[in-house]
Amino acid sequence: MSDSEAKVLIEPERYEFAAHPIYHFDLQRRDFFKLLGAGIAVLSVTTSAAGALQESGGARGFRGEEAPKDITSWLHIGEDGRVTVFTGKVEIGQNIRTSLAQSVADELRVPFESVLMVMGDTALTPFDMGTFGSRSTPYMTPQLRRAASAARDLLVAEAAKKWNVAGDALVARDGKVSEPTSGQSLSYGELARGKALAQDMPEADPITPVAQWTVAGKALPKVDGRAFVTGKHQYTVDLRPPGLLHGKVLRAPSFGATLASIDTKAAAAVPGVTVVLDGNFVGVAAPSEGVAAKAIAALRAEWKETKQPSSAELFSHLKSNLESGDATRDTHEKGSVEDGLSQAAHRLAQTYTVAYIAHAPLEPRAAVAEWANGKLTVWTGTQRPFAVRDDLADVFHLTKDRVRVIVPDTGSAYGGKHTSDAALEAARLARAAGHPVKIVWTREEEFTWAYFRPAGVIDIKSGIASDGTLTAWEFHNYNSGGAGIGTPYSVANQRIQFHPANSPLRQGSYRGLAATANHFARESHMDELAHAAKMDPLEFRLKNITDPRLRDVFQAAAKSFGWPGKKSRDGQGFGMGGGIEKNGYVATCAEVAVDPSSGDVRVVRIVAAFECGAIVNPDGLRNQVIGANIMGLGGALFEAVEFQDGRITNPHFARYRVPRFRDVPQIDAVLLDRKDIPSAGAGETPIVGIAPAIGNAIFDATGVRLRSLPLVPNGLKT
Amino acid sequence: MPTHLQVNGQSYSLRSDPDTPLLYALREELGLTGSKYGCGEGQCGACTVLVDGTPRRSCLLPVGEAAGKSITTIEGLEKEGALHPVQEAFLDAGAFQCAYCTSGMIMSSVALLQKNPTPSAAEIAQSLQGNMCRCGTHPRIVVAVQQAAKAMRGPAQ
């Protein structure tokens, strides 16, 4: 296996949940113009699966004959010149609404302000598998650019026809097509007037080279910023359709418990309350949150509980409860690890663990459901609107065209909002109550009934030659996943395996998936090897890196940080960590201060260098890189979901510590803009370097090697 | 007996029980949804409003206790179409990502600047310690508050 193969994404979306690709699109072409008025529309139709691996569901199994096939996005130019773009992607704080609009404006040569993005609405936008996996920028952006480019060609052709001139003599700029020689020009709106012209996007329409970007590449502010600072933006939790009731669900006392008996009389007697009992589901709809809570408290339920594992035995549980059969995945074999180990001057075997952690998005999972005329509309903050639609259709025995899911710009997700729980609950209650119902999970429900970043155990065995060259690398990940499992370093002899286990807790996607765990283990181990070889950790890494982009981010971070750093007091330490994931390159350096008497560990300074190809919006990117590092600080230092007998024992912010202002160090992002490389996503990868950088810095400060995340939930005990 | 509330300069009579948290009364009865539920435990600060100028967690404050006091929510900061300098500064600094925490951050910052017009970065961090931002926008929020402080002091300084 070559080094380039080693960094291939192996199974990046294991935790994205099973997807149900949809191969039809109900909106007919003539409907576009009914919806938006006359104008010009371009449909981005994918004929090969390559460009739309997840964005369209591929080209297989399409049954409807007349509907456009596999539309992945489309845009419309109206008679007023307004550009409306339709994509199934959703805005969850990653700023994709802004950066997609920038790319369309750039390609179409219109002012940024004239582009309106319609996102995440299953009735209006084409099928999309979901907003995850850092895929929106590398896959959706080029599709929208090609659609915009085709629209521009159409507009130029219209003008050429009108003026009876050759199209290539015309210039499209600032929302106008003009003829430089005569000076005449027509706005896009004028060119679209009276038209109902729809065209499939040509297979390979050229798009604007990065060097000629005018709107993209700029630090434009977030779209709708004013609505956010004035509190006017309506998140799912803020919606109040007429007749709205508030829903609440009776939760089991522990995981795996089943309802033995229930007395709903007292709850049902509360004025205005509807009680729904359906299998194990017990819920209420009430005129207010307060009344809903009272009605739930009035339910008398008995539960049959089952024995459940506890966090104290988590790691032994995972290793002794591997998925049965031949479940080992993502196996890399190259050379002979045994030979590599026998040639080595230094050998090392270590085990690393990571805890379950919670996404804790500040807007809890929420949904508003409304039934009308046998149709169901659900507003919900989800990363997968079409999957939620399908779940609703399945559960309520509806055809998909009778379900509409709309995603208001959402109060963050971080991989945590893939499932349809709140939507199903709201819809079930709304159907019974005959009113729209809103469900907003409490923080305790969030911490208990959502899903978690998988816990895991990672065993590494390695060998290095006396000059620091890696000779052997054996890496086994139990349960946490295969993302980022391949080493980006050159090693002649490798064995890398992911072993799925039966998780005691519901687990799922998280920012970066298992790449956080795999990078923590690998980069901590690399630091241990550097010390074994008596080499500087940067020098040791560079010796084993062949990928120039990885070398560049390590060198950029080190330079900005002032690596190797000079200790001026006790308890000061420096560390680094980095790697490659989802075509993004990251290197993070951290400085810590450990108080030797109290064991208090403070991160003082972070420098994160990141490279994801051509930068679309440096301001949004900086927010994502710094934000990922601050979020990662929590998982590195203190976040862990604790559980006992099927109960989460720390389901509150008072007991589940996340980074707050005083935890935030001085933090700098060094952004490497590679205009020669297609843009990759940036929402996830910047998070993977911080935990090992901090762990390695703690070792540098104290000589104590920590191999479990979180590193110091209760300070450093020496 | 209805509870009388003074919110953003307007008087309201509320049907809500006096023990209803102010947050629910604002959101459900008055339709002022800018203040957010984040935890219901006073831990995250997303529900922060000003009560007689003091930042309070409206998820823990019973309506009965707020009666007769002057309450300001995020909706009350904008005056005749002009944003409050703190709102302007958040916008200018791009100090939000998902922005769910933003109302609470702005209200806490407004309260801080009323008490301390020239806060240091450490003082800002200290006084926003009870406001969570899960997207990790903290450094920009500190910058925004400093910018707002400067703007509120006026050009002469």
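These protein sequence lines map, in sequence, to chains A and B.
Adding 4 to a residue's 1-based position in the first sequence gives its number in the working numbering.
Adding 1342 to a residue's 1-based position in the second sequence gives its number in the working numbering.
Note that the Cβ used here is the ideal one computed from N, Cα and C, for glycine as well.
Under the assumption that Gln347/A contacts Gly221/A (Cβ atoms under 8 Å), give the Cβ distance between them as a whole number of angstroms.
Rounded, the Cβ-Cβ distance is 48 Å, inconsistent with contact.
Output the distance between the C-alpha atoms of Arg101/A and Glu1370/B, rounded to the nearest integer angstrom.
29 Å
May I ask you to list the residues that DSSP assigns as paired with Val611/A?
Cys593/A, Asp672/A
DSSP three-state label for Tyr239/A, please.
coil
Between Pro1360/B and Gln238/A, what straight-line distance do the alpha-carbon atoms span, to the nearest angstrom?
27 Å
First and last residue of the uninterrupted alpha helix (DSSP H) at Leu104/A:
100 to 112
Own chain, CB closer than 8 Å to Leu326/A, minus 5 neighbours either side, in chain order:
Tyr482, His503, Pro504, Ala505, Asn506
Taking 8 Å as the cut-off, decide whether the C-beta atoms of Ser1445/B and Gly1384/B are in contact.
no
From the DSSP output, in three-state form, read off Phe703/A for me.
helix
Round the Cβ separation of Lys421/A and Thr414/A to the nearest angstrom and send it over; I've been treating them as touching at under 8 Å.
7 Å
Cα-Cα separation between Pro210/A and Tyr192/A, rounded to whole angstroms
20 Å
Less than 8 Å between C-beta atoms, sequence neighbours within five positions excluded: which residues of the same chain meet that for Pro1461/B?
Leu1454, Leu1455, Ser1469, Val1487, Gln1488, Ala1491
Going by Cα to Cα distance, which pick from Phe1438/B, Thr1415/B, Tyr1366/B, Ser1355/B is closest to Pro291/A?
Tyr1366/B
Output yes or no for whether 8 Å exceeds the beta carbon distance between Gln147/A and Thr335/A.
no
Pairing CB atoms from the region 113 to 128 of chain A with CB atoms from the region 646 to 659 of chain A, are three or more of them under 8 Å?
no
Is Lys308/A close to chain B? Criterion is C-beta to C-beta, closer than 8 Å.
no
Here's the rule I'm using: 16 or more other beta-carbon atoms within 10 Å means buried, otherwise exposed. How should Met1343/B be labelled?
exposed
Simplified DSSP state of Phe456/A, which is helix, strand or coil
strand
Report the start-end ranges of each beta strand (DSSP E) in the region 408 to 478 of chain A that is 3 residues or longer and not cut off at the edges.
441 to 444, 460 to 468
Does the ligand ATP have even one heavy atom less than 7 Å from the beta-carbon of Cys593/A?
The ligand ATP is not among the ligands present in this structure, which contains no ligands whatsoever.
Closer than 7 Å at the beta carbon, the chain A residues around Pro1481/B:
Ile630, Val668, Ile671
Leu249/A versus Lys1378/B - alpha carbon distance:
18 Å
Taking Glu223/A and Lys679/A to be in contact with their CB atoms under 8 Å, please state how far apart those CB atoms are, rounded to whole angstroms.
Reading off the sequence, residue 223/A comes out as Ala, not Glu. Rounded, the Cβ-Cβ distance is 16 Å, inconsistent with contact.
Could you work out which residues of chain B lie near Arg609/A, taking near to mean beta carbons separated by less than 8 Å?
Neighbours of Arg609/A on chain B: none; closest Cβ ~12 Å, over 8 Å.
Counting C-beta neighbours from all protein chains within 10 Å, is the total for Thr653/A 16 or more, i.e. buried, or is it exposed?
exposed
Use the C-beta contact count for Leu1473/B: other C-beta atoms within 10 angstroms, 16 or more gives buried, fewer gives exposed.
In the sequence as displayed, the identity of residue 1473/B is Asn instead of Leu. Answer is buried; the Cβ neighbour count reaches 16.
Rounding to the nearest angstrom, what Cα-Cα distance links Ala316/A and Arg457/A in this structure?
17 Å
Range covered by the alpha helix (DSSP H) that runs through Thr1396/B
Premise fails: Thr1396/B lies in the beta strand (DSSP E), 1396 to 1399, not in any alpha helix (DSSP H).
Residues of the region 171 to 182 of chain A with a CB closer than 9 Å to any CB of chain B: list them in chain order, please.
none
Using the beta-carbon of each residue, which ones in chain B are nearer than 8 Å to Met123/A?
Neighbours of Met123/A on chain B: none; closest Cβ ~14 Å, over 8 Å.
Integer-rounded CB distance, given that Phe565/A should sit under 8 Å from Pro696/A
Contact flag wrong, Cβ pair sits at about 15 Å.
Ile1413/B: contacting residues in chain A (beta-carbon distance under 9 Å)
Here the premise fails: no neighbours, minimum Cβ distance about 14 Å.
Note down, in chain order, each residue of its chain lying with its Cβ closer than 7 Å to the Cβ of Gln312/A, except the 5 sequence neighbours on either side.
Ser258, Phe259, Gly260, Pro508, Asp649, Gly650
Exposure of Gly68/A, with buried meaning 16 or more beta-carbon neighbours within 10 Å
Residue placement at Gly68/A is flagged as unreliable, the pLDDT there being 29, under the threshold of 50; the coordinate-derived value follows with that caveat. Exposed, since its Cβ has fewer than 16 Cβ neighbours within 10 Å.
Any beta carbon of chain A sitting closer than 8 Å to that of Cys1401/B?
no
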